[in-house]
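Chemist: Chains as they are written, first to last, in this note's numbering: chain A, 671 to 964; chain B, 11 to 356. My questions will all concern the structure given below.
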Amino acid sequence: MSAGVEKSTSGLNNQGSTVNRLSAENVTLAYDQRVIAERLSVAIPDNSFTVIVGPNACGKSTLLRALSRMLKPSEGRVLLDGQVIQSMPAKKVARTLGLLPQSSIAPDGITVADLVGRGRYPHQGILRQWSAEDERVVQESMRQTGVAELGDRYVDELSGGQRQRVWIAMALAQQTPLLLLDEPTTYLDIQHQIDVLDLCAELHEEQGRTLVAVLHDLNHAARYATHLIALREGRVIAEGAPKDIVTAGLVEEVFGLRCQVVDDPETGTPLVVPAARKARAHAAGGKAAATEAS
Amino acid sequence: MKTTNRAVRTPGGLSVRLDARAVTVVLLLIVAALVASVVLIGTGDFPIPAADVLRTLVGEGNPGQEFIVTELRLPRVLVGLLVGASLGLGGALFQAISRNPLGSPDVLGLGQGATAGALAVIVLGSGSANQVAAGALVGGLVTGLAIYVLAWKRGVHGYRLVLVGIGVSAIVTAVNGYLLTKSDIVDAARAVVWMTGSLDGRDWDQVWPLLALTAVLVPLVLVNARGLRMMEMGDDVSYALGVRVERVRLLLMAAAVLLTASATAAAGPVSFVALTAPQLARRLTRSPGPNLLPSLCMGAALLVVADWVSQRAFGAEQLPVGVVTGVLGGVYLLWLLVSERRAGRI
């Protein structure tokens with residue numbers, strides 16, 4: 671029991687190795703016959719808040735699924751701590767790497783505390799079903815995500831923002847040094863989007879967790895990410911710190927959108943301002959017609 | 011209504027969390043099933059007071075009562091308990107795996123499949139009771155396998171499973187209709203009685219195989235129940251939590267098919283127990299999760315009570331138990347749903 675606790679806490683710190691804990695090597699990702707990405711290699715820097723961006727259907731969620739072993743690459747491999755992730759025991763992976771999927775179902779009539787408690791599953795066994803440690807971690811996860819007062823409420827009666835916090839609390843209760851989030855801000859209004867992203871930044875900065883998120887909003891990504899991966903058609907177009915890589919040229923290349931990139935007046939991070947409709951129509955009229963025809 | 015969880019821990023590192031309400035429900039259902047069993051054993055052309063039944067069960071009755079109790083009525087009651095428990099548990103498993111109350115063996119056509127097996131034996135071979143039971147078992151297993159194979163596409167998914175099951179059910183029902191029209195009147199009468207589900211004339215020959223099977227399957231299922239609880243939240247979440255989703259699902263589906271098929275082989279397709287028992291149990295415990303043990307106990311209690319009603323309610327004219335479970339379970343479920351609606355819950 672104590673060994674498990676030690677393992678999970680030591681996992682929170684970078685152990686000084688040069689090899690990143692999570693990476694994909696030459697993976698080909700496909701659903702049945704439909705190939706999403708070919709020979710794609712990505713390394714998630716330890717202790718980073720990595721955000722994956724790209725246009726719809728560029729394979730960003732698919733990449734996240736591969737990194738979290740939801741999808742088995744048809745070629746290549748995903749490595750976690752130097753081991754092929756598929757070959758590792760399921761619960762061991764679940765103690766190292768957490769995933770917040772896009773869609774999850776809250777069982778009917780489940781309370782917040784109960785749902786968060788389910789995040790303890792990989793730490794439990796048939797004889798050790800609900801230890802004092804489980805109790806403590808659940809309380810702490812709820813406190814960190816600001817849902818401690820909601821413990822006895824039913825999940826289905828919460829607002830969207832609160833619900834997302836509860837799911838994040840459940841992933842936190844898993845106590846994994848790596849946490850993957852698939853579009854955690856979707857369906858939330860702007861205030862709650864920022865709220866969730868602030869929470870992610872806190873988890874990253876204060877607890878040293880490595881976070882990987884797929885985000886739609888390029889400006890959010892540029893503001894919060896320490897490491898940005900820009901994907902298009904299953905290929906990495908650029909990666910690095912947002913201030914180094916986010917340029918008008920990159921946005922045009924990845925999203926096919928003409929824009930200006932200015933400094934965010936609040937944070938100094940790159941801020942993407944799409945070009946006015948008339949300017950875009952004027953400059954890209956011929957090009958747009960060409961791409962549509964193809 | 012809120013969680014009534016209590017943690018129980020021992021110094022050795024053992025820990026469990028018990029839902030006080032669920033534990034109470036399980037205990038009350040067990041008591042109800044046992045009381046109904048004793049009353050049922052005392053019921054019949056030769057009534058025996060409950061006290062005498064208990065005395066006979068512990069081996070201190072008079073020889074006459076002893077014969078009636080241990081040779082005639084006890085095995086029937088035991089078959090009822092085991093069939094009810096198997097159907098309740100099988101139904102709870104199917105509903106949890108498909109995440110849909112309609113994903114019950116009744117709706118999926120497992121009962122129909124077992125019926126087809128039994129009918130084939132009755133109509134084509136005029137087989138003995140044991141052969142009919144074997145036919146039903148085979149029919150149920152083949153149907154279960156067919157549903158799994160047809161519904162399997164990167165994991166069995168709820169609606170897919172239900173729709174495939176309904177399709178299979180329709181085909182098998184047609185086959186059953188064909189078999190019935192082909193049969194002569196004696197076989198047809200026997201077939202119809204079998205199809206309603208009945209505990210008449212069940213003896214120790216039916217008890218032992220059922221007991222052996224449940225003794226293996228129930229612990230196996232309960233060990234995997236925690237994984238199934240996680241699977242309520244979707245495949246992705248449970249997989250992320252370290253549940254080997256596909257393995258757990260295959261194992262539990264196989265167990266559910268075996269439980270349902272063997273119960274059907276022993277008593278015929280007793281209707282609605284598999285559909286209603288888990289729903290009733292869930293509404294009593296008011297707790298999320300598959301509620302496996304409460305469903306099991308509810309199935310056993312429901313079937314024995316239904317058997318008692320079927321023997322008593324209509325005088326000398328005994329009804330097959332399947333008729334009563336349909337009416338009793340259905341009405342009780344509707345009443346619960348209506349009263350919950352009034353209380354503002356779904």
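For every residue, glycine included, the Cβ atom is placed at its ideal position computed from N, Cα and C. Please read all numbers here as calculations on a predicted model, not as lab measurements.
1. Val247/B CB to nearest chain A CB: under 9 Å?
2. Name the chain B residues that come within less than 8 Å of Leu741/A, Cβ to Cβ?
3. Is there a C-beta anywhere in chain B that falls below 9 Å from the one on Glu805/A?
4. Name, please, each residue of chain A whose Cβ falls closer than 7 Å to the Cβ of Gly252/B.
5. Can you give me the start and stop residues for the beta strand (DSSP E) that Cys929/A sits inside?
6. Can you tell me whether DSSP reads Ala783/A as helix, strand or coil?
7. Hey, how far is the Cα of Phe282/B from the Cα of Pro115/B?
8. Count the other CB atoms within 10 Å of the CB of Arg16/B; is the residue buried (16 or more) or exposed (fewer)?
9. Please look up how many angstroms separate the CB atoms of Val904/A and Gly729/A, rounded, as I've assumed it's under 8 Å.
10. My guess is that Pro847/A and Arg879/A are in contact by the Cβ rule of under 8 Å, so how many angstroms apart are they, rounded?
11. Which residue comes first and which comes last in the alpha helix (DSSP H) that contains Thr880/A?
12. Just to check, is the beta-carbon of Leu221/B closer than 8 Å to a non-hydrogen atom of the ligand NAD?
13. For a contact defined as C-beta to C-beta under 9 Å, what are the partners of Leu881/A on chain B?
14. Count the C-beta pairs between the segment 794-808 of chain A and the segment 277-296 of chain B that are closer than 8 Å, then say yes if the count reaches three, no if not.
15. Tell me whether Trp837/A is buried or exposed, calling it buried when 16 or more other Cβ atoms sit within 10 Å of its Cβ.
16. Nearest CA to the CA of Ala764/A: which residue from Gly746/A, Arg790/A, Gly779/A, Asp784/A?
17. What ranges does the alpha helix (DSSP H) occupy inside the segment 143-201 of chain B, keeping only unbroken runs of at least 4 residues that lie completely in it?
18. Shorter than 9 Å from the beta carbon of Ser774/A to some beta carbon of chain B?
19. Do the CB positions of Leu50/B and Arg27/B come within less than 9 Å of each other?
20. What did DSSP end up calling Ile706/A once you bin it into helix, strand or coil?
21. What are the start and end residues of the beta strand (DSSP E) that includes Leu749/A?
22. Within 10 angstroms of its Cβ, does Val314/B collect 16 or more other Cβ (buried), or is it exposed?
23. With the cut-off set at 9 Å, would you say Ser276/B and Gln216/B are in Cβ contact?
24. Residues bridged to Thr698/A by DSSP?
25. Report the residues of the segment 706-724 of chain A with a CB closer than 8 Å to any CB of chain B, ordered along the chain.
26. For His874/A, report the span of its beta strand (DSSP E) as first-last.
27. What's the gap between the Cα of Pro940/A and the Cα of Ile907/A?
28. Between Leu769/A and chain B, is the shortest Cβ-Cβ distance under 9 Å, so that the two count as touching?
29. Is there at least one Cβ from chain B nearer than 9 Å to Ile646/A's Cβ?
30. Considering only the alpha carbon of each residue, which of Phe719/A, Gly746/A, Ser757/A lies closest to Ser711/A?
31. What residues in its chain sit with their C-beta under 6 Å from that of Ser744/A, if we drop five residues either side in the sequence?
32. For a quick check, are the C-beta atoms of Met840/A and Val786/A less than 9 Å apart?
33. In three-state terms, what does DSSP make of Asp887/A?
34. What does the alpha-carbon distance come out to for the pair Leu64/B and Phe77/B?
35. So the beta strand (DSSP E) Arg16/B belongs to, where does it begin and stop?
36. Between Leu262/B and Val226/B, what straight-line distance do the alpha-carbon atoms span, to the nearest angstrom?
Modeler: Well, looking at it:
1. Taking the second sequence and counting its residues from 1, one reaches residue 247/B at position 237. So yes, Val247/B belongs to the interface.
2. As a first step, residue 741/A must be located in the first sequence, where it is residue number 71. By Cβ distance, chain B contributes nothing, its closest Cβ being about 10 Å from Leu741/A, past 8 Å.
3. The count along the first sequence starts at 1 and reaches residue 805/A at position 135. So, interface residue.
4. Numbered from 1 along the second sequence, position 242 holds the residue referred to as residue 252/B. Ordered by position in chain A, the residues that pass the 7 Å Cβ test against Gly252/B are Ala760, Lys761, Val763, Ala764, Tyr791, Pro792.
5. To locate residue 929/A, count along the first sequence from 1; it is residue 259. Cys929/A -> beta strand (DSSP E) spans 929-933.
6. Sequence index remark: in the first sequence, residue 783/A carries index 113 (1-based). Helix.
7. Along the second sequence, read from residue 1 onward, the residue named residue 282/B stands at position 272. Along the second sequence, read from residue 1 onward, the residue named residue 115/B stands at position 105. In a straight line, the C-alpha of Phe282/B is about 9 Å away from that of Pro115/B.
8. Residue numbering aside, residue 16/B sits at position 6 when the second sequence is read from its first letter. Label assigned to Arg16/B: exposed.
9. Position 234 of the first sequence holds residue 904/A. Position 59 of the first sequence holds residue 729/A. For the sequence presented, residue 904/A should be read as Gly rather than Val. 4 Å between Cβ atoms; contact.
10. Residue 847/A sits at position 177 when you count from the first residue of the first sequence. Residue 879/A sits at position 209 when you count from the first residue of the first sequence. Correct: roughly 6 Å between the Cβ atoms.
11. One-based indexing of the first sequence puts residue 880/A at position 210. From DSSP, Thr880/A is part of no alpha helix (DSSP H) but of the beta strand (DSSP E) over 880-884.
12. Among the ligands in the structure shown, none appear at all, so the ligand NAD cannot be discussed.
13. Looking up residue 881/A in the first sequence gives position 211. Under the 9 Å cutoff, chain B gives no residues; its nearest Cβ is about 15 Å from Leu881/A.
14. no
15. What you label residue 837/A is simply residue 167 of the first sequence in a count that begins at 1. Looking at its Cβ environment, which holds 16 or more other Cβ atoms inside 10 Å, Trp837/A is buried.
16. The residue you call residue 764/A lines up with position 94 of the first sequence. Here the closest residue by C-alpha is Arg790/A.
17. 168-192
18. Along the first sequence, read from residue 1 onward, the residue named residue 774/A stands at position 104. At least one chain B Cβ lies under 9 Å of Ser774/A.
19. Here the question's residue 50/B lines up with position 40 in the second sequence. Here the question's residue 27/B lines up with position 17 in the second sequence. No, the Cβ-Cβ distance between Leu50/B and Arg27/B is not below 9 Å.
20. The residue labelled residue 706/A in the question sits at position 36 within the first sequence. Strand.
21. Working through the first sequence from its first residue, we reach residue 749/A at position 79. Per DSSP, Leu749/A belongs to the beta strand (DSSP E) from 745-750.
22. The count along the second sequence starts at 1 and reaches residue 314/B at position 304. The residue is buried, with at least 16 neighbouring Cβ atoms inside 10 Å.
23. The residue labelled residue 276/B in the question sits at position 266 within the second sequence. The residue labelled residue 216/B in the question sits at position 206 within the second sequence. Note that residue 276/B is Ala in the sequence shown here, rather than Ser. Cβ atoms of Ala276/B and Gln216/B: closer than 9 Å.
24. Counted from its first residue, the first sequence places residue 698/A at position 28. Glu745/A, per the DSSP bridge assignment.
25. none
26. Stepping through the first sequence from its first residue, residue 874/A is reached at position 204. No beta strand (DSSP E) holds His874/A; the alpha helix (DSSP H) holding it covers 860-877.
27. Residue 940/A sits at position 270 when you count from the first residue of the first sequence. Residue 907/A sits at position 237 when you count from the first residue of the first sequence. Cα to Cα, Pro940/A sits roughly 17 Å from Ile907/A.
28. Numbered from 1 along the first sequence, position 99 holds the residue referred to as residue 769/A. Leu769/A counts as touching chain B.
29. Summary: the structure shown does not reach residue 646/A, with chain A confined to residues 671 through 964, and so no result is reported for it.
30. Here residue 711/A refers to the residue found at position 41 of the first sequence. The option with the nearest alpha carbon to Ser711/A is Gly746/A.
31. Position 74 of the first sequence holds residue 744/A. The residues are Thr698, Ala700.
32. Numbered from 1 along the first sequence, position 170 holds the residue referred to as residue 840/A. Numbered from 1 along the first sequence, position 116 holds the residue referred to as residue 786/A. For Met840/A and Val786/A, yes; Cβs fall inside 9 Å.
33. Locating residue 887/A in the first sequence gives position 217, where the first residue counts as 1. Of the three classes helix, strand and coil, the one that applies to Asp887/A here is coil, per DSSP.
34. On the second sequence, residue 64/B is found 54 positions in, with the first residue counted as 1. On the second sequence, residue 77/B is found 67 positions in, with the first residue counted as 1. For Leu64/B and Phe77/B, the distance between alpha carbons rounds to 14 Å.
35. In the second sequence, residue 16/B corresponds to position 6, counting from 1. First-last of the beta strand (DSSP E) with Arg16/B: 15-19.
36. Your numbering for residue 262/B matches position 252 in the second sequence. Your numbering for residue 226/B matches position 216 in the second sequence. Between Leu262/B and Val226/B, the C-alpha separation is close to 13 Å.
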